[in-house]
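**Q**
Residue numbers (full-length UniProt numbering): 1 to 62.
1) Quick one: using the 10 Å Cβ neighbour count with 16 as the cut-off for buried, is residue 49 buried or exposed?
2) Do you know whose CA, among 16, 20, 57, lies nearest residue 44's CA?
3) How close, in whole Å, do the beta carbons of residue 15 and residue 51 come, if the pair is a contact with beta carbons under 8 Å?
4) Return the first residue and the last residue of the alpha helix (DSSP H) that residue 48 is part of.
5) What's the C-alpha gap between residue 65 and residue 37?
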């Protein structure tokens, strides 16, 4: 039997858009407004996570 591993988090382990947004704000605050390359990668990961967590806007659903 072949088992596959999901690369997406379970729905019950996903953070809300507000939680991810708070982490994005904290990252910018810690960085003092200028992100290092490592911080930019973290920011990009967080933005993608935020986009997945955010409810679809009415214009995107149309």
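Glycine is no exception: its CB is placed at the ideal position from the N, C-alpha and C atoms.
**A** Inspection of the coordinates gives the following:
1) By one-based count along the chain shown, residue 49 stands at place 49. By the 10 Å Cβ count, residue 49 comes out buried.
2) Counted from its first residue, the chain shown places residue 44 at position 44. Nearest option by C-alpha distance: 20.
3) Your numbering for residue 15 matches position 15 in the chain shown. Your numbering for residue 51 matches position 51 in the chain shown. Taking the Cβ atoms as the reference, residue 15 lies roughly 12 Å from residue 51, outside the contact range of under 8 Å.
4) The count along the chain shown starts at 1 and reaches residue 48 at position 48. Element bounds for residue 48: 37 to 53.
5) With the chain represented from 1 up to 62, any question about residue 65 goes unanswered, as that position is not in the structure.
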